[in-house]
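Asks: Got a structure for you, written out below as structure tokens; questions coming shortly.
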Ligand code: NAD
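Written out as structure tokens, the structure reads:
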């Protein structure tokens with residue numbers, strides 16, 4: 096489904112990262128990949144995983160809090176690929192102190208940090224690849240139901256995800272005339288490094304499997320398969336949307 100397409104996947108931290116499952120699915124679907132990582136520790140993990148791909152990806156250090164890091168990523172993509180057809184934004188960060196207790200106690204710095212890395216970064220990354228999406232493109236960002244419901248402990252990250260989902264809509268309106276589509280996948284809870292930082296995550300995780308209509312937890316592979324669909328031409332009529340991949344949890348009231 097992605098034969099002859101070039102994709103940038105940001106960022107992989109380890110084998111549990113949603114971004115890693117997306118990378119494997121896109122590789123299997125025939126895409127040529129650039130994979131982002133934050134720093135040396137993540138690069139070490141990534142090197143161990145690379146044999147699982149059919150061909151070596153371009154590896155890019157990508158810190159979305161640093162404009163020079165994004166400029167370097169643009170330069171490398173430009174010289175190695177010459178174009179980009181799809182982008183995964185699978186990035187979030189907040190201080191652990193802000194992922195427990197009461198949202199009302201969030202500090203100004205904690206609020207700005209979460210929004211900068213988890214939401215503004217989508218606009219910054221789109222600006223980075225826009226000049227390379229010369230034949231249109233597809234962007235997918237990962238969100239969570241905490242964007243639209245108050246979830247215990249998710250706190251400032253829920254507000255940042257609301258901002259991320261609004262950013263998806265504004266970007267879709269801006270970039271649509273160039274044939275660039277922008278969507279989000281709202282995933283159910285998955286066991287990853289990022290989710291380990293959320294207070295009482297295990298309770299959230301087991302509750303989800305117990306009550307969701309499909310009675311199982313979301314897997315990284317389910318998110319990856321939906322990403323492949325959104326990157327492919329099969330989804331050419333969809334933009335500005337949030338697609339739930341969460342075993343149907345979001346339809347429930349009680
Ligand atoms: P993860 O820890 O594997 O991924 C988070 C990534 O963000 C890591 O690669 C990390 O290096 C990167 N990152 C942090 N700060 C960065 C910065 N300054 N610049 C660039 N990259 C930075 O965990 P994950 O669960 O795979 O998270 C991926 C996405 O999925 C996030 O947006 C997360 O909110 C979302 N999500 C996760 C769940 C879940 O339950 N795990 C559910 C719904 C949505």
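Residue numbers (my numbering): 96 to 349. Virtual Cβ for every residue (Gly too), placed ideally from N, Cα, C.
#1: Going by C-alpha distance, which of 147, 121, 159 is nearest residue 131?
#2: Kindly indicate which three-state DSSP category residue 314 falls into: helix, strand or coil?
#3: Which residues does DSSP pair with residue 234 in a beta bridge?
#4: Would you say the region 260-273 touches the region 286-304, given that touching needs at least three Cβ pairs under 8 Å?
#5: Out of 121, 99, 100, which one is the CA nearest neighbour of residue 316?
#6: Can you tell me which of 279, 206, 215, 127 puts its alpha carbon nearest to the alpha carbon of residue 165?
#7: Entirely within the region 132-182 and at least 4 residues each: give me those alpha helix (DSSP H) ranges in chain order.
#8: In angstroms with no decimal places, state the Cα-to-Cα distance between residue 111 and residue 313.
#9: Across which residues does DSSP place residue 121 in a beta bridge pair?
#10: Our contact map puts residue 243 next to residue 335 with C-beta atoms below 8 Å; I'd like the distance itself, whole angstroms only.
#11: May I ask you to report which of helix, strand or coil DSSP gives residue 339?
#12: Pairing CB atoms from the region 137-147 with CB atoms from the region 182-196, are three or more of them under 8 Å?
#13: Name the DSSP bridge partner or partners of residue 103?
#14: Cα-Cα, which of 96, 326, 287, 311 is closest to residue 274?
#15: Return the first residue and the last residue of the alpha helix (DSSP H) that residue 382 is part of.
#16: Which residues bound the alpha helix (DSSP H) around residue 265?
#17: Can you tell which of 321, 238, 184, 128 has the C-alpha that lies nearest to the C-alpha of residue 149?
#18: With DSSP run on the structure shown, which of helix, strand or coil describes residue 282?
#19: Counting pairs of beta carbons, one from the region 278-288 and one from the region 161-181, are three or more of them closer than 8 Å?
#20: Using three-state DSSP, classify residue 321 as helix, strand or coil.
#21: How many Å lie between residue 254 and residue 329 at the Cα?
Replies: Concretely, from the data shown:
#1: The residue given as residue 131 occupies position 36 in the chain shown. Among 147, 121, 159, the Cα nearest to that of residue 131 is on 159.
#2: As a position in the chain shown, residue 314 is number 219, starting the count at 1. Coil.
#3: To locate residue 234, count along the chain shown from 1; it is residue 139. Its beta-bridge partners are 182, 277.
#4: The way I'd put it, the region 260-273 doesn't touch the region 286-304; fewer than three beta-carbon pairs between them come closer than 8 Å.
#5: Sequence index remark: in the chain shown, residue 316 carries index 221 (1-based). Of the candidates 121, 99, 100, the one whose C-alpha sits nearest the C-alpha of residue 316 is 121.
#6: For the purposes of this step, residue 165 is taken as residue 70 along the chain shown, with counting starting at 1. The residue from 279, 206, 215, 127 with its alpha-carbon nearest to that of residue 165 is 215.
#7: Counting whole runs of 4 or more residues, the region 132-182 contains the alpha helix (DSSP H) stretches 135-144, 162-175.
#8: The sequence position of residue 111 within the chain shown is 16, counting from 1. The sequence position of residue 313 within the chain shown is 218, counting from 1. Whole-angstrom Cα-Cα distance: 13 Å.
#9: Walking along the chain shown from the start, residue 121 turns up at place 26. Per DSSP, none; premise fails for residue 121.
#10: Within the chain shown, residue 243 is the residue found at index 148, counting from 1. Within the chain shown, residue 335 is the residue found at index 240, counting from 1. With a Cβ gap of about 15 Å, residue 243 and residue 335 do not count as contacting.
#11: The sequence position of residue 339 within the chain shown is 244, counting from 1. Here residue 339 carries a strand assignment [DSSP, helix/strand/coil].
#12: Three or more Cβ pairs closer than 8 Å define a contact, and the region 137-147 falls short of that threshold against the region 182-196.
#13: The count along the chain shown starts at 1 and reaches residue 103 at position 8. DSSP lists 129, 182 as the bridge partner or partners of residue 103.
#14: By one-based count along the chain shown, residue 274 stands at place 179. Taking only the C-alpha atoms, the option nearest residue 274 is 326.
#15: Outside the displayed span of the chain (96 to 349) sits residue 382, for which this structure offers no information.
#16: Residue numbering aside, residue 265 sits at position 170 when the chain shown is read from its first letter. In the DSSP assignment, residue 265 falls within the unbroken alpha helix (DSSP H) covering 250-270.
#17: Locating residue 149 in the chain shown gives position 54, where the first residue counts as 1. Ranking the options by Cα distance to residue 149, first place goes to 128.
#18: Sequence index remark: in the chain shown, residue 282 carries index 187 (1-based). In the structure shown, residue 282 sits in a strand (DSSP, three-state: E or B).
#19: No contact exists between the region 278-288 and the region 161-181.
#20: Counted from its first residue, the chain shown places residue 321 at position 226. Correct three-state label for residue 321: helix.
#21: Within the chain shown, residue 254 is the residue found at index 159, counting from 1. Within the chain shown, residue 329 is the residue found at index 234, counting from 1. Residue 254 and residue 329: Cα-Cα distance of roughly 31 Å.
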